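S.K.: The structure's right below; bear with me while I get my questions together.
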Amino acid sequence: MTPVPDVTRRPPRACPVCSSELIITGCGCPECGTGISGEFRMSAYDALTDDELEMLRVFLVSRGNMRELEKHLGVSYPTTRQRFADLLAKLDLEDPAETKKSVDRDAVLADVAAGRLSVDEAEKLLTD
């Protein structure tokens, strides 16, 4: 029997030579060795990091509860909202201009004062 490959690896998204988007041209069964070749597209979700996929999983399991996502991430509510907005923008599900408008300046400053947010994180949220 052929050893089962490590399924935690992800294919690269861009060509290392010209930076064009790569396509998947083959896949195979680790049990019987059957191989399939062709051109297969990847979805926008394939470009997400493991942390982003986990954040999306927690958001979905909690039925969209941002407070649950905040607890899972261990960061302030404004940071949670910003990270989720960044995820939506990466998936082309939200206008980046709208993402910037969603940051509540007073909440960010309150989180800095309470020690839930670093000055660097606050600066990034307020200037991006």
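Throughout, this note's numbering is defined as the position within the sequence shown, counted from one, plus 418.
Virtual Cβ for every residue (Gly too), placed ideally from N, Cα, C.
In this text the structure is predicted, and so the values were computed from the model without any measurement.
Whole angstroms is fine: what's the gap from Glu457's alpha carbon to Pro430's?
M.R.: 15 angstroms
S.K.: Leaving out the 5 sequence neighbours to the left and right, which residues in its chain are closer than 7 angstroms to Ser480 when beta-carbon positions are compared?
M.R.: Glu486 and Leu487
S.K.: With H, G and I counted as helix, E and B as strand and the rest as coil, what does DSSP make of Thr517?
M.R.: The predicted position of Thr517 is uncertain, since its pLDDT is 48 and thus under 50; a value taken from the coordinates is nonetheless stated next. Three-state DSSP puts Thr517 in a helix.
S.K.: Give the straight-line distance between the Cα atoms of Phe502 and Ala531, rounded to the nearest whole angstrom.
M.R.: Inter-residue distance for Phe502 and Ala531 is about 23 angstroms (C-alpha atoms, whole angstroms).
S.K.: Give me whichever residues DSSP pairs with Ile441 in a beta bridge.
M.R.: In DSSP, Ile441 forms no bridge with anything.
S.K.: Does the beta-carbon distance from Val526 to Ala507 come in below 8 angstroms?
M.R.: 8 angstroms or more divides the Cβ of Val526 from the Cβ of Ala507.
S.K.: Report all residues from its chain with a CB closer than 6 angstroms to the CB of Cys445; omit the five preceding and five following residues, and keep chain order.
M.R.: These residues qualify, in order along the chain: Ile454.
S.K.: On the three-state DSSP scale, how would you describe Glu512?
M.R.: Under the three-state reduction of DSSP, Glu512 is assigned to coil, being neither helix nor strand.
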